[in-house]
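Q:
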Amino acid sequence: MVFGAALAVGGAIFQSLTRNPLGSPDVIGFTTGSYTGVVLTLLAGASSYSALAAGALGGGLITAFAVYLLAFRRGVRGFRLIIVGIAVGALLSSVNTWFLVKADVDTALRAAVWGAGSLSAIGWPAVMTASALTAGVALAAPVAQRRMRWLELGDDTAAMLGVPVERTKLLLVVLGVAATAAVTAAAGPIAFVALAAPQIARRLTGRGTVDLTGAALVGALLLLGADMAAQHAIPDVSLPTGAVTVCVGGAYLLVLLVRESRRGP
């Protein structure tokens with residue numbers, strides 16, 4: 014449940030920054046960047062959770078900064094950030110595949126199994142470390158939510174209210190990447206929880222603005238339900254949790270894309 018809450022908070026932050034329901038870290042490439050960091054860590058021979066967490070955080074942050082800089086032109090606009098992020102994510106996905114092809118069999122198999130996204134083999138040290146990182150994000154959440162609501166009024170309005178717009182966006186990117194990297198290091202890339210949870214929370218609460226608390230609760234329940242389905246959907250077979258979230262999230266993404274296309278430009 015902690016992992017689901019962390020993913021949802023990361024998704025809510027990026028959807029608020031981009032002002033777009035597609036602005037999720039797994040859609041715009043940041044989760045793929047964390048995966049790249051973990052693959053490089055495994056190739057270097059390190060396999061402890063602290064090393065994987067550092068690799069995931071480093072890969073996610075480097076990817077986020079690269080996307081931020083490539084999308085920057087007199088400020089960062091949400092749609093441009095999403096397009097650049099999708100392109101960078103596709104590039105990194107190819108790089109990850111190349112790394113796995115060149116790696117030895119044991120390392121490639123371990124990275125591939127980890128990349129499926131599973132909660133079944135997580136030990137308490139990983140849970141405690143990820144919980145500590147999530148707690149740090151939670152402590153910063155009230156301030157972050159207030160700044161996010163100001164940014165949703167528009168960059169010019171936020172600047173008139175005294176908000177340092179670009180610096181605030183950069184800090185929110187770091188916060189969102191930290192929330193998702195903590196989960197990615199422990200469980201692998203679990204897709205679409207960050208995409209769906211904030212939007213479901215908005216519909217349940219009826220609020221037009223971001224609600225980190227509601228998103229966290231929905232994310233926790235979504236991941237719990239996905240894990241239960243993964244463990245019990247097929248008798249005597251334990252599926253990776255990421256496989257369930259991809260199936261459900263893919264359908265959700267299709268519905269979201271159709272809805273967005275009907276709105277028109």
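So the number in my numbering is just where the residue sits in the sequence shown, counting from 1, plus 13. Cβ atoms here follow ideal geometry from the backbone N, Cα and C, with glycine treated the same way.
Where do the ends of the alpha helix (DSSP H) carrying I213 lie?
A: V206 to T218 is the extent of the alpha helix (DSSP H) around I213.
Q: Per DSSP, which one or two residues make a beta bridge with V250?
A: DSSP output for V250 lists I247 as bridge partner(s).
Q: With I26 as the anchor, note down where its alpha helix (DSSP H) starts and where it stops.
A: First-last of the alpha helix (DSSP H) with I26: V15 to T31.
Q: Tell me whether L166 sits in a helix, a strand or coil according to DSSP, three-state version.
A: L166: coil per DSSP, three-state reduction.
Q: Give a yes or no on whether the C-beta atoms belonging to A210 and L237 are separated by under 8 angstroms.
A: For A210 and L237, no; Cβs fall outside 8 angstroms.
Q: What's the call for K115, buried or exposed, on a 16-neighbour Cβ count within 10 Å?
A: When all chains shown are included, K115 counts as exposed.
Q: Once DSSP output is grouped into helix, strand and coil, what is the label at D39?
A: Note: D39 maps to coil in three-state DSSP.
Q: Tell me which residue opens and which closes the alpha helix (DSSP H) that G189 is part of.
A: From DSSP, the alpha helix (DSSP H) with G189 extends over V178 to A200.
Q: Expressed to the nearest angstrom, what Euclidean distance is found between the alpha-carbon atoms of A154 and D39?
A: Distance between the alpha carbons of A154 and D39 is about 20 angstroms.
Q: Helix or strand or just coil, what does DSSP make of S60?
A: Three-state result, S60: coil.
Q: Give me the Cα-Cα distance between I135 and M173, rounded to the nearest whole angstrom.
A: Approximately 47 angstroms, taken between the alpha carbons.
Q: Nearest-angstrom Cα distance between A199 and A139?
A: A199 and A139: Cα-Cα distance of roughly 6 angstroms.
Q: In its own chain, which residues sit with a C-beta less than 6 angstroms from the C-beta of F112, not counting the 5 before and 5 after it?
A: Hits under 6 angstroms: V52.
Q: For G232, which residues of its own chain have a beta-carbon under 6 angstroms away from its beta-carbon, when the five flanking residues on both sides are left out?
A: Result list for G232: G17, A18, L20, A21, V206 and A210, in chain order.
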